[in-house]
């Protein structure tokens with residue numbers, strides 16, 4: 128059997144081969160992260176391991192530096208934004224929010240998502256950029272509120288079940304934001 | 002060569018020796034080379050004193066090649082054999098270049114990349130570009146009085162993997178060691194930022210002859226961090242010439258013209274365009290091959306009206322990059338203009354209007370990219386200056402993914418990810434007993450495979466027969482600091498290992514390039530061969546010493562068998578190095594390299610872990 132493509136299994140794979148991202152940046156393993164501290168730790172790490180710092184070395188050695196720099200870039204990308212950071216914390220705790228379906232979505236959340244999705248589709252069909260922009264802003268606001276609650280779930284109460292449920296909701300919001308983004312792009316082109 | 006002496010990060014192994022390195026801006030309309038001499042960057046002029054080398058290559062029937070001004074003089078009379086704007090064909094297939102309305106050559110369809118039929122035979126865009134690079138390399142070597150350690154070659158930030166790989170191949174074909182492919186707007190930011198000690202968020206608006214790039218960068222604490230980049234790999238000053246040419250031909254009722262005349266009209270329109278950046282009106286005048294005269298007066302207003310669509314086209318990528326960087330126009334502290342085409346007043350006005358501030362133009366837009374490349378080349382060659390304690394973090398311009406069921410794209414690396422980057426994703430089989438899996442790598446933002454650029458197809462074989470969905474196939478994308486991709490796939494579910502690693506390649510294979518280089522070597526005279534032998538001997542000697550000292554310091558990282566194998570190889574290399582067979586020495590060197598790969602990796606890993614732990618590398622006696 129030679130043909131075809133693949134089915135997609137796991138939407139987010141974290142690589143643990145070079146250690147965890149929190150220790151790479153010398154940060155405590157928790158949800159709340161000060162962006163300035165993270166950024167400065169990231170730049171310090173890159174300054175030490177970036178392959179350009181080892182430019183005088185042969186390719187073999189630079190490849191190792193490249194793997195470390197890739198690791199640091201991915202770590203920064205994951206820890207910088209709330210949802211990937213939360214998912215990473217769950218991953219470190221051995222929980223996959225995709226599969227862990229012991230927490231159903233609340234009905235009011237689902238209802239609101241359906242309404243929003245309809246509004247997006249309608250605006251997209253009408254080519255209504257302003258409405259799409261507004262919806263995007265609204266979604267971002269919703270997400271921000273939820274992200275703040277995540278800090279309580281993780282750091283104050285250590286309630287990973289509540290955190291998992293919230294992360295799944297945030298992933299819903301994120302997907303919708305992405306859809307609006309690509310709709311806007313299509314309309315602009 | 003593996004196992005060179007390790008040194009403090011950022012320092013050269015031999016700090017007092019200045020190694021010759023250059024930055025090359027390989028442009029659509031012209032190319033130039035710059036270097037850092039006596040701590041200052043400068044562009045190197047050619048023999049005829051000009052810094053800008055027209056990116057024009059002419060093939061003659063006797064097999065000789067003309068490059069630059071000499072070739073430019075024949076572009077109208079010998080248009081089929083005089084290749085202009087070859088950059089537009091790099092990494093592109095026949096369908097792409099014909100869609101670009103450029104039918105001025107005898108194109109030949111070929112696997113991966115289009116070829117051009119000339120009087121001297123069929124040429125790939127890689128070979129044509131290599132001719133330009135060879136001239137710049139010779140220029141640099143004669144001006145600097147020595148052989149180059151390497152070069153940084155700039156590419157449009159929006160170039161995809163195929164276009165980048167083609168550029169790197171061209172450099173190798175020209176005998177250049179590529180220290181880095183550097184994005185043009187990023188190069189400009191380095192030149193500009195280091196010169197002005199800038200901090201904050203800046204944008205670079207780079208409209209060249211054939212490509213448009215827009216990048217947003219954050220400059221802080223000596224780090225140039227590209228936040229987002231966007232652009233159009235087929236939009237540039239050339240298109241403004243084309244728009245004017247179309248109009249001029251309509252005016253004169255000359256829609257159907259032979260290639261020579263089309264080229265003559267284009268050359269004249271470029272001149273008129275440039276004149277209109279200074280004057281409010283200009284006379285266009287072309288004498289056609291049948292004796293007809295094409296004449297018209299063009300005002301700046303007319304020209305602006307003809308090209309308004311092109312100007313508007315630049316703003317879409319601008320908005321996209323700002324959105325990707327989560328920024329508004331007010332967040333941008335300044336916009337640097339790069340590329341000759343930004344001299345057009347309508348471009349400056351459009352940028353000023355969009356950002357609500359006057360753009361920055363204090364470095365010559367033609368030179369700024371080469372200067373930035375030279376500064377980075379100097380650092381990468383190991384000549385770090387005191388002021389060079391800076392680091393560059395660039396991004397990949399277009400998402401990379403693979404084809405999944407139904408012709409859909411699953412993105413693995415998303416656009417604007419900081420490079421280098423490695424990402425893995427797991428996939429599974431969809432039929433019972435499936436033992437092979439086709440993996441199709443694509444680049445682009447669209448959801449359907451057919452709307453993205455196909456980079457590579459390969460097959461993972463030897464998957465043990467299992468029920469559908471039971472296999473776990475881990476596909477890893479590694480993008481290096483040049484923005485070039487390699488892909489590996491491995492079945493992990495069964496414990497039986499099936500794995501493969503590919504690098505997409507286009508047009509020219511590694512073997513073809515090696516063959517072309519070897520052909521040059523075989524025809525070289527005795528002096529050249531003597532020099533090659535001595536170079537191999539020096540390299541072998543350096544390797545022998547490096548391995549010996551590595552063994553003395555870090556021998557404990559090896560087990561007994563590994564240690565013995567390395568000692569044996571060391572004796573063989575030492576023996577061969579006393580002889581005079583360059584190829585044998587090279588073979589032994591390569592073997593030594595391969596043998597010490599793991600050792601080198603362990604040593605480097607130790608170095609990096611120590612650096613992260615805050616120890617000075619010096620203290621480790623590596």
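Chains as they are written, first to last, in our numbering: chain A, 128 to 316; chain P, 2 to 623.
Glycine included, C-beta positions come from ideal geometry on N, C-alpha and C.
- In the DSSP assignment, residue 124 of chain P forms a beta bridge with P:117.
- According to DSSP, residue 206 of chain P shares a beta bridge with P:215, P:338.
- Rounded to whole angstroms, residue 439 of chain P and residue 193 of chain A show a C-alpha spacing of 28 Å.
- Here the alpha carbon of residue 79 of chain P sits roughly 37 Å from the alpha carbon of residue 530 of chain P.
- The beta carbon of residue 264 of chain P is closer than 7 Å to those of 76, 77, 80, 105 in its chain, skipping five residues each way along the sequence.
- Take the alpha-carbon of residue 597 of chain P and the one of residue 120 of chain P: they are about 48 Å apart.
- In the DSSP assignment, residue 59 of chain P falls within the unbroken beta strand (DSSP E) covering 57-60.
- Residue-level contact check: residue 232 of chain A does not touch chain P, since none of the beta carbons of chain P fall below 8 Å from its beta carbon.
- Counting only the Cα atoms, residue 168 of chain A lies some 10 Å from residue 162 of chain A.
- An exposed status is given to residue 313 of chain A, since fewer than 16 other beta-carbon atoms sit within 10 Å of its beta-carbon.
- Scanning its chain for C-beta atoms nearer than 6 Å, with the 5 sequence neighbours on each side dropped, one finds around residue 424 of chain P the residues 413, 414, 478, in chain order.
- Residue 381 of chain P and residue 373 of chain P have their C-alpha atoms some 12 Å from each other.
- Among the residues facing chain P, residue 172 of chain A is included, as its CB has a counterpart in that chain under 8 Å away.
- Contact annotation: in the segment 239-258 of chain A, no residue has its CB less than 9 Å from a CB in chain P.
- The three-state reading of DSSP puts residue 296 of chain P in strand, counting E and B together.
- In the structure shown, residue 155 of chain A falls within a coil segment according to DSSP collapsed to helix, strand and coil.
- Per the coordinates, the alpha-carbon of residue 563 of chain P lies some 33 Å from the alpha-carbon of residue 150 of chain A.
- When secondary structure is reduced to three states using DSSP, residue 36 of chain P falls in the strand class.
- Within the segment 407-423 of chain P, contact with chain A at the beta-carbon level (separation under 9 Å) is assigned to 407, 408, 409, 411, 418, 419, 420, 421, 422, 423.
- Counting only runs that start and end inside the segment 361-402 of chain P, the beta strand (DSSP E) elements of at least 3 residues fall at 392-394.
- Listed along the chain, the chain P residues whose CB falls inside 8 Å of the CB of residue 192 of chain A are 605, 609.
- The beta carbons of residue 229 of chain P and residue 217 of chain P sit about 5 Å from each other, so the pair counts as a contact at 8 Å.
- In summary, residue 340 of chain P is buried, with 16 or more beta-carbon neighbours lying within 10 Å of its beta-carbon over all protein chains present.
- In this structure, DSSP gives residue 237 of chain A a helical state, which the three-state scheme calls helix.
- Under the DSSP assignment, residue 170 of chain P falls in the alpha helix (DSSP H) whose first and last residues are 162-174.
- If you look at residue 346 of chain P, you'll find it in the alpha helix (DSSP H) that goes 346-356.
- When DSSP reads this structure, residue 333 of chain P sits in no beta bridge, so it has no partner.
- Across the segment 144-158 of chain A, no CB contact with chain P closer than 7 Å is found for any residue.
- The residues 436, 472, 492, 499, in chain order, have a CB closer than 6 Å to that of residue 464 of chain P in the same chain once the five nearest residues on each side in sequence are set aside.
- Closest in C-alpha terms to residue 302 of chain A, from the list A:241, A:155, A:145, comes A:241.
- For residue 481 of chain P, the nearest beta carbon of chain A is closer than 8 Å to its own beta carbon.
- Residue burial is scored here from C-beta neighbours: residue 232 of chain P has at least 16 other C-beta atoms within 10 angstroms and is therefore classed as buried.
- By the Cβ neighbour-count rule, residue 194 of chain P is buried, with 16 or more other Cβ atoms within 10 Å of its own.
- Boundaries cannot be given for residue 281 of chain P, as no beta strand (DSSP E) includes it and DSSP labels it neither H nor E.
- The C-alpha of residue 43 of chain P is placed about 13 Å away from the C-alpha of residue 367 of chain P.
- Using a 10 angstroms sphere on the CB of residue 404 of chain P, the tally of other CB atoms reaches 16 or more, which defines it as buried.
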